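K.L.:
Per my numbering, the sequence shown starts with residue 1, numbered consecutively. Every residue gets a Cβ at the ideal spot worked out from N, C-alpha and C, and that includes glycine. The structure presented is a predicted model; accordingly, all values stated were derived computationally and were not measured. Once you've had a glance at the structure underneath, I'll fire off some questions.
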Amino acid sequence: MSVNGNELIKDCVMELNVGRRYGLLGPNGCGKSMLLEAIAKRELEVPAHVDIYHLREEAEPSERSALEAVVDHIREEVSRLQAIESEILTTNGPGDERLQGIYERLEELDPVKFETTAAELLHNLGFDKVMMNRETKALSGGWRMRVSLARALLASPALLLLDEPTNHLDLSACVWLEDHLSKYKKCLVVISHSQDFLNGVCSHVIRVTNKTLKYYTGDFDTFRATLAAEEVIQQKQYEKEQADIKHLKEFIASCGTYADKMKQANSKQKILDKMEAAGLTPSPTAERTFEFTFPDCAKLAPPVLPFKNVSFRYHTADPSLGMLLENLEFGVDCDSRIALVGPNGAGKSTILKLMTGDIEASEGEVARHHHLSIGRYHQHSVDVLDPRASPLDFFSGTYYDMRKPTDEWRSYLGKFGISGRLQTNPIAALSDGQKSRLVFAMICLGNPNMLLLDEPTNHLDHDCIDSLADAINKYKGGLVLVSHDFRLIDKVAKEIWVCENKKVSVWKDSIRSYKKTLEKASIK
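The following block contains the structure:
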């Protein structure tokens with residue numbers, strides 16, 4: 001499998017078994033999403049009787065309600081199966097063995113339970129009754145993605161392919177989905193940046209590494225332990241090979257052009273050629289491409305970002321939307337390390353917009369320190385990137401006044417894992433994770449003294465997230481983080497603030513205890 005002439009996967013065996021839940025892992029740009037797409041399009045020889053659902057895009061905007069959009073999809077599947085059944089009966093008669101599988105699948109997709117089950121799924125994904133009955137064209141992209149996820153779960157196909165299913169979910173929905181998928185009895189392949197989620201869901205791991213697929217048994221923690229042990233052995237083998245290569249090259253060089261030594265030199269060269277032909281052991285650190293630190297910043301004396309009796313309401317004719325936030329009183333300073341959690345729609349992203357001044361408070365005041373510089377990341381940050389330009393041209397053009405030579409831009413982008421051909425290929429050809437890294441590169445150029453990060457882990461691989469956590473912990477400015485990644489919150493947050501019921505309150509315990517509370521509520 002290749003893209004733009006760059007080979008991603010070569011001469012591999014893909015093996016998927018019923019009853020297993022696979023986590024598909026690998027660095028940004030290695031081809032994980034493309035591999036799921038290839039399976040979904042049956043470019044790999046998936047047997048025809050295996051039905052596939054690939055979660056990759058939002059439900060189409062239409063006048064159908066969210067509930068109807070979920071049920072319609074399953075009705076279409078039932079109609080498709082009935083048409084196949086009719087064709088087989090006409091062509092081959094009732095003795096055809098394929099009919100048994102179709103009858104089992106039709107029994108599973110019981111029309112009597114359609115609406116009830118669909119409503120349960122949507123409820124657990126964050127929909128209330130009003131939203132379930134709202135036309136999909138009136139829903140945001142994130143909510144329509146949840147409609148697609150509900151379709152996938154209701155369909156319960158033989159092969160379920162999920163690409164970052166938690167990206168538009170709050171922590172409560174993530175906890176429920178983790179539990180739901182951990183019981184999936186068919187075959188699941190999931191890409192996720194959340195280590196907690198993978199640990200709860202996966203029974204096996206497929207790792208894309210050095211253009212090949214490696215299979216591991218066990219959950220994510222078991223995979224990490226096995227990988228760490230493998231990397232110790234791999235590093236020793238790599239170092240021995242490199243030492244042998246250095247010794248052989250030094251010997252060949254020492255022979256010069258002396259006729260009496262040419263035979264020995266040729267013999268050593270053959271050994272070197274054989275080693276390279278057989279394939280050299282790669283360094284286990286070669287794929288770790290994202291190591292950066294946020295720049296030093298001027299630390300401001302408090303108060304830096306106080307909210308004084310702030311309320312916010314939507315100015316809309318829709319009676320279901322009114323006062324979102326009410327009488328907020330708190331302050332964020334350069335020593336703050338805050339994780340803002342709570343259900344979707346409670347106002348977390350709105351609070352960040354009030355902090356930046358993108359929107360104004362309906363009542364009260366958000367006072368900003370006049371030297372405050374904010375670095376903000378949100379789910380639409382990548383929209384500022386010009387897809388037609390290369391990263392090198394985009395940065396040198398956008399930041400022309402910095403007058404950095406090309407070599408400096410190359411070095412700077414390399415710190416964010418954008419190196420080699422990635423720097424000169426169009427941004428459109430980059431993976432979502434690589435585009436996210438470019439946004440972080442832009443944030444760092446602004447030397448912010450406060451970071452507002454809204455779901456920064458979406459699309460980043462696990463090494464990137466670990467590097468981001470390390471960079472945040474070394475950062476000298478303030479932080480407000482909105483994330484559904486429990487592990488990142490656990491690593492960087494000193495305070496947990498819960499946004500719900502129009503208020504913001506401080507959670508007195510750890511994020512792990514908050515997750516347990518959500519698990520109990522989900523069961524209830």
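At a cut of 8 Å, does the segment 407-418 reach the segment 480-494 through at least three beta carbon pairs?
P.N.:
Taking 8 Å as the limit for Cβ pairs, the verdict is that the segment 480-494 does not touch the segment 407-418.
K.L.:
Here's the rule: buried if 16 or more other CB atoms are within 10 angstroms of the residue's CB, otherwise exposed. What is Ala493?
P.N.:
Reading the sequence shown from its first residue, position 493 is the one you call residue 493. It counts as buried.
K.L.:
In whole angstroms, give me the CA-to-CA distance for Arg437 and Phe251.
P.N.:
Here residue 437 is taken as the residue at index 437 of the sequence shown, counted from 1. Here residue 251 is taken as the residue at index 251 of the sequence shown, counted from 1. Computed Cα separation, rounded: 43 Å.
K.L.:
Identify every run of the beta strand (DSSP E) within the segment 263-316, keeping only runs that are complete inside it and at least 3 residues long; order them along the chain.
P.N.:
Here the runs fully enclosed are 305-313.
K.L.:
Buried or exposed for Asn458, please, with buried defined as at least 16 other CB atoms from any protein chain shown within 10 angstroms of its CB.
P.N.:
If you number the sequence shown from 1, residue 458 lands on position 458. It counts as buried.
K.L.:
Mapping DSSP to helix, strand and coil, what is Ser182?
P.N.:
Here residue 182 refers to the residue found at position 182 of the sequence shown. In this structure, Ser182 counts as coil in the three-state DSSP scheme.
K.L.:
May I ask you to report which of helix, strand or coil DSSP gives Asn327?
P.N.:
Here residue 327 refers to the residue found at position 327 when the sequence shown is read from its first residue. DSSP places Asn327 in strand when its eight states are reduced to three.
K.L.:
If you follow the alpha helix (DSSP H) that Ala229 is in, where does it begin and where does it stop?
P.N.:
Counting from 1 along the sequence shown, the entry for residue 229 is found at position 229. Ala229 -> alpha helix (DSSP H) spans Phe220 to Cys255.
K.L.:
Could you check whether the segment 119-131 touches the segment 152-172, counting it as contact only if at least three pairs of C-beta atoms, one from each stretch, sit closer than 8 Å?
P.N.:
Counting Cβ pairs under 8 Å, three or more are found: they touch.
K.L.:
If you reduce the DSSP assignment to three classes, tell me which class Glu97 lands in.
P.N.:
Here residue 97 refers to the residue found at position 97 of the sequence shown. Of the three classes helix, strand and coil, the one that applies to Glu97 here is coil, per DSSP.
K.L.:
Helix, strand or coil: how does DSSP classify Met450 here?
P.N.:
Here the question's residue 450 lines up with position 450 in the sequence shown. Three-state DSSP puts Met450 in a strand.
K.L.:
Out of Tyr53, Trp176 and Gly218, which has the shortest C-alpha to C-alpha gap to Leu154?
P.N.:
As a first step, residue 154 is located in the sequence shown; it is residue number 154 there, counting from the start. Looking at the Cα atoms, Tyr53 is the closest of the given residues.
K.L.:
Looking at the secondary structure, which residues open and close the alpha helix (DSSP H) in which Tyr412 lies?
P.N.:
Here the question's residue 412 lines up with position 412 in the sequence shown. Its alpha helix (DSSP H) spans residues Thr406 to Gly414.
K.L.:
Across the segment 368-377 and the segment 344-357, are there enough close Cβ pairs to call them in contact, namely three or more that are closer than 8 Å?
P.N.:
Touching, per the Cβ criterion.
K.L.:
To which residues of the same chain is Gly347 closer than 6 Å at the C-beta, ignoring the five residues directly before and after it?
P.N.:
By one-based count along the sequence shown, residue 347 stands at place 347. Same-chain partners within the cutoff: Leu324, Leu325 and Cys499.
K.L.:
What runs of the alpha helix (DSSP H), each 4 residues or longer, lie entirely inside the segment 339-403?
P.N.:
Runs of the alpha helix (DSSP H) inside the segment 339-403: 348-356 and 391-398.
K.L.:
Should the segment 127-143 be regarded as contacting the segment 177-184, the criterion being three or more beta carbon pairs within less than 8 Å?
P.N.:
Not touching, per the Cβ criterion.
K.L.:
Are Ala66 and Val190 closer than 8 Å when you measure CB to CB?
P.N.:
The count along the sequence shown starts at 1 and reaches residue 66 at position 66. The count along the sequence shown starts at 1 and reaches residue 190 at position 190. Contact: no.
K.L.:
The beta strand (DSSP E) that contains Ile39, what's its start and end?
P.N.:
Counting from one through the sequence shown, the residue named residue 39 turns up at place 39. Looking at the DSSP string, Ile39 is not in any beta strand (DSSP E); the run it does join, the alpha helix (DSSP H), is Lys32 to Ala40.
K.L.:
Looking at the secondary structure, which residues open and close the beta strand (DSSP E) in which Tyr475 lies?
P.N.:
Here the question's residue 475 lines up with position 475 in the sequence shown. No beta strand (DSSP E) contains Tyr475, which DSSP labels as neither H nor E.
K.L.:
With a 10 Å radius around its C-beta and 16 neighbouring C-beta atoms as the bar for buried, classify Asn425 as buried or exposed.
P.N.:
Here the question's residue 425 lines up with position 425 in the sequence shown. Buried: at least 16 other Cβ atoms inside 10 Å.
K.L.:
What is the rounded straight-line gap between the Cα of Glu241 and the Cα of Thr281?
P.N.:
The residue given as residue 241 occupies position 241 in the sequence shown. The residue given as residue 281 occupies position 281 in the sequence shown. So the two alpha carbons sit approximately 8 Å from each other.
K.L.:
Arg21 bridges to which residues according to DSSP?
P.N.:
As a working mapping, residue 21 is identified with position 21 in the sequence shown. In DSSP, Arg21 forms a bridge with Leu188.
K.L.:
Would you call the CB atoms of Phe223 and Val208 closer than 8 Å?
P.N.:
Residue mapping note: residue 223 aligns to position 223 of the sequence shown, counting from 1. Residue mapping note: residue 208 aligns to position 208 of the sequence shown, counting from 1. Cβ atoms of Phe223 and Val208: not closer than 8 Å.
K.L.:
Is the separation between the beta-carbon of Leu352 and that of Leu305 shorter than 8 Å?
P.N.:
What you label residue 352 is simply residue 352 of the sequence shown in a count that begins at 1. What you label residue 305 is simply residue 305 of the sequence shown in a count that begins at 1. Cβ atoms of Leu352 and Leu305: not closer than 8 Å.
K.L.:
Nearest to Glu58 by alpha carbon, out of Val366, Ala48, Ala69 and His49?
P.N.:
Position 58 of the sequence shown, counted from the start, is the residue given in the question as residue 58. The shortest C-alpha separation from Glu58 is found at Ala69.
K.L.:
Taking the beta strand (DSSP E) that Arg207 belongs to, which residues open and close that run?
P.N.:
Position 207 of the sequence shown, counted from the first residue, corresponds to residue 207. Looking at the DSSP string, the run of the beta strand (DSSP E) that includes Arg207 is His204 to Thr209.
K.L.:
Distance check for Trp507 and Val13, CA to CA, integer angstroms please.
P.N.:
Counting from 1 along the sequence shown, the entry for residue 13 is found at position 13. Counting from 1 along the sequence shown, the entry for residue 507 is found at position 507. Rounded to whole angstroms, Val13 to Trp507 spans 48 Å at the Cα level.
K.L.:
Pull up the distance between the alpha-carbon of Phe307 and that of Leu328, whole angstroms please.
P.N.:
For the purposes of this step, residue 307 is identified with residue 307 of the sequence shown, where counting begins at 1. For the purposes of this step, residue 328 is identified with residue 328 of the sequence shown, where counting begins at 1. So the alpha carbons of these two residues sit roughly 6 Å apart.
K.L.:
Can you name, in chain order, every residue of its own chain whose Cβ lies under 7 Å from the Cβ of Pro295, other than the five neighbours on each side?
P.N.:
By one-based count along the sequence shown, residue 295 stands at place 295. Cys444 and Asn447.
K.L.:
Report all residues from its chain with a CB closer than 7 Å to the CB of Cys297; omit the five preceding and five following residues, and keep chain order.
P.N.:
Mapped onto the sequence shown, residue 297 falls at position 297. Counting only Cβ-Cβ distances below 7 Å, and skipping sequence neighbours, we find Asn447, Pro448, Asn449, Lys476 and Gly477.
K.L.:
So what does Arg337 bridge to, in DSSP terms?
P.N.:
One-based indexing of the sequence shown puts residue 337 at position 337. Answer by DSSP bridge pairing, in chain order: Leu479.
K.L.:
Determine the burial state of Arg388: buried for a count of at least 16 other Cβ atoms within 10 Å of its Cβ, exposed for fewer.
P.N.:
Along the sequence shown, read from residue 1 onward, the residue named residue 388 stands at position 388. Flag for Arg388 reads exposed.
K.L.:
If you draw a straight line from the C-alpha of Glu120 to the C-alpha of Ser522, how long is it?
P.N.:
Walking along the sequence shown from the start, residue 120 turns up at place 120. Walking along the sequence shown from the start, residue 522 turns up at place 522. The alpha-carbon atoms of Glu120 and Ser522 are separated by roughly 12 Å.
K.L.:
Give the C-beta separation of Glu455 and Val480 to the nearest angstrom, bearing in mind that I take them to be a contact with Cβ-Cβ under 8 Å.
P.N.:
Numbered from its first residue, the sequence shown carries residue 455 at position 455. Numbered from its first residue, the sequence shown carries residue 480 at position 480. 13 Å between Cβ atoms; not a contact.
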